[in-house]
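S.K.:
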Ligand SMILES: NC(=O)c1ccc[n+]([C@@H]2O[C@H](COP(=O)([O-])OP(=O)(O)OC[C@H]3O[C@@H](n4cnc5c(N)ncnc54)[C@H](OP(=O)(O)O)[C@@H]3O)[C@@H](O)[C@H]2O)c1
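Residue numbers (our numbering): 1 to 246.
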């Protein structure tokens with residue numbers, strides 16, 4: 001039977017790659033984001049793959065936006081929720097460089113992902129099963145001086161997931177956590193070593209492929225890039241760039 005995936009933050013970046021990868025496997029796709037133009041561009045691409053594709057515009061920082069995405073789970077009979085939407089303004093501004101961003105980072109990366117997961121859980125449990133995928137980060141496993149609030153937001157999501165994973169599984173709901181190193185997408189677009197980062201298309205295809213197992217499921221995956229950055233010189237450059245403005 002045809003399945004439907006809802007991917008938050010799929011108007012660009014890694015979410016758009018995930019949308020393509022799921023569509024290539026025959027999933028119907030619900031796109032989500034704030035930017036209408038970018039959503040339409042992704043929708044045009046996905047629709048060519050012969051699957052149903054709809055898009056939802058909603059700001060996850062607002063209660064109204066969150067409610068809209070929550071009701072979308074029911075409206076389109078979603079089978080898989082991917083919590084992908086995320087922000088990391090510290091990469092541009094430097095850790096703690098702009099205190100007003102703390103609310104935005106926690107709200108988008110942690111609170112909205114938890115709220116959506118809870119809604120998905122109660123919906124999936126009633127239907128006999130479903131999958132929640134959290135696009136976390138290696139910053140959710142280890143603290144990171146140049147993006148301290150971002151790391152805190154991803155640690156928070158990990159804490160939630162680790163707390164509910166076993167209980168939810170008993171109700172047929174699988175929670176898959178992806179702890180990825182730097183990806184060559186929007187959030188890392190300012191990096192000089194962009195060509196050496198994880199290929200988002202390759203990772204998106206891999207993630208779409210792990211959703212169809214039967215006798216087991218992948219609880220979490222830690223993804224590390226294979227391409228070495230060009231020695232200490234590049235690492236030093238990156239550190240210097242990220243610490244500007246602290
Ligand atoms: N890039 C990396 O190096 C990296 C590494 C590990 C993990 N990750 C994780 O991967 C995910 C995607 O990152 P990315 O690099 O693809 O980022 P990106 O290119 O900046 O895309 C972020 C997406 O999130 C959406 N979004 C942001 N704020 C939102 C809000 N308030 N309401 C609704 N949607 C919102 C954006 O939609 P609009 O533009 O339409 O608002 C966009 O579609 C994030 O969770 C990130 O933490 C990234």
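We put the CB at the ideal spot given by N, CA and C, even for glycine.
Computed from a predicted structure; not experimentally measured.
1) Could you tell me the distance, in whole angstroms, from the CA atom of residue 43 to the CA atom of residue 27?
2) Would you be able to state if there are at least three C-beta pairs under 8 Å between the stretch 40-57 and the stretch 13-30?
3) Sorted by chain position, which residues of the same chain lie with C-beta nearer than 6 Å to residue 176's C-beta, five sequence neighbours on each side aside?
4) So, under 8 Å CB-CB, residue 83 and residue 113 are touching, yes? Tell me the CB distance rounded to an integer number of Å.
5) So what does residue 81 bridge to, in DSSP terms?
6) Can you tell me whether residue 227 is buried or exposed? The criterion is at least 16 other CB atoms within 10 Å of its CB, across all chains shown.
7) If you compare alpha carbons, which of 215, 224, 209 is closest to residue 23?
8) Suppose the cutoff is 7 Å on Cβ atoms and the five residues either side in sequence are ignored; what does the same chain contact list for residue 161 look like?
9) With 16 as the cutoff for other CB atoms within 10 Å, does residue 71 come out buried or exposed?
10) Evaluate residue 167 with the Cβ neighbour count: other Cβ atoms within 10 Å of its Cβ, from every protein chain shown; 16 or more gives buried, anything less gives exposed.
11) Examine ligand 1 and report whether any of its heavy atoms sits within less than 8 Å of the Cβ of residue 32.
12) If you follow the beta strand (DSSP E) that residue 141 is part of, which residue opens it and which one closes it?
13) Tell me whether residue 112 sits in a helix, a strand or coil according to DSSP, three-state version.
14) Give me the Cα-Cα distance between residue 86 and residue 108, rounded to the nearest whole angstrom.
15) Cβ of residue 182 within 9 Å of Cβ of residue 17?
M.R.: Looking at the atomic coordinates:
1) In the chain shown, the residue the question calls residue 43 occupies position 43. In the chain shown, the residue the question calls residue 27 occupies position 27. So the alpha carbons of these two residues sit roughly 14 Å apart.
2) yes
3) The count along the chain shown starts at 1 and reaches residue 176 at position 176. Taken in chain order, the residues that qualify are 133, 218.
4) As a first step, residue 83 is located in the chain shown; it is residue number 83 there, counting from the start. As a first step, residue 113 is located in the chain shown; it is residue number 113 there, counting from the start. Yes, residue 83 and residue 113 are in contact; Cβ-Cβ is about 4 Å, under 8 Å.
5) Along the chain shown, one-based indexing puts residue 81 at 81. According to DSSP, which records beta bridges pairwise, residue 81 is partnered with 6, 132.
6) Position 227 of the chain shown, counted from the start, is the residue given in the question as residue 227. Classification of residue 227: exposed, given that the 10 Å Cβ count is below 16.
7) Residue mapping note: residue 23 aligns to position 23 of the chain shown, counting from 1. Checked all of 215, 224, 209; the closest Cα to residue 23 is 209.
8) Numbered from 1 along the chain shown, position 161 holds the residue referred to as residue 161. Sequence-distant Cβ neighbours of residue 161 in its own chain, meaning closer than 7 Å and more than five residues away, are 134, 175, 177.
9) For the purposes of this step, residue 71 is taken as the residue at position 71 of the chain shown. Under a 10 Å Cβ-count criterion, residue 71 is classified as exposed, with fewer than 16 other Cβ atoms of the shown protein chains found around its own Cβ.
10) Reading the chain shown from its first residue, position 167 is the one you call residue 167. Its Cβ having fewer than 16 others within 10 Å, residue 167 is exposed.
11) The residue given as residue 32 occupies position 32 in the chain shown. A distance criterion of 8 Å places the beta-carbon of residue 32 in contact range of ligand 1, judged by its closest non-hydrogen atom.
12) Here residue 141 is taken as the residue at index 141 of the chain shown, counted from 1. No beta strand (DSSP E) holds residue 141; DSSP gives it neither H nor E.
13) What you label residue 112 is simply residue 112 of the chain shown in a count that begins at 1. Looking at residue 112 - three-state DSSP - the assignment turns out to be helix.
14) Here residue 86 refers to the residue found at position 86 when the chain shown is read from its first residue. Here residue 108 refers to the residue found at position 108 when the chain shown is read from its first residue. Taking the straight line from one Cα to the other gives about 6 Å.
15) Position 182 of the chain shown, counted from the first residue, corresponds to residue 182. Position 17 of the chain shown, counted from the first residue, corresponds to residue 17. No, these two residues do not count as a Cβ contact at 9 Å.
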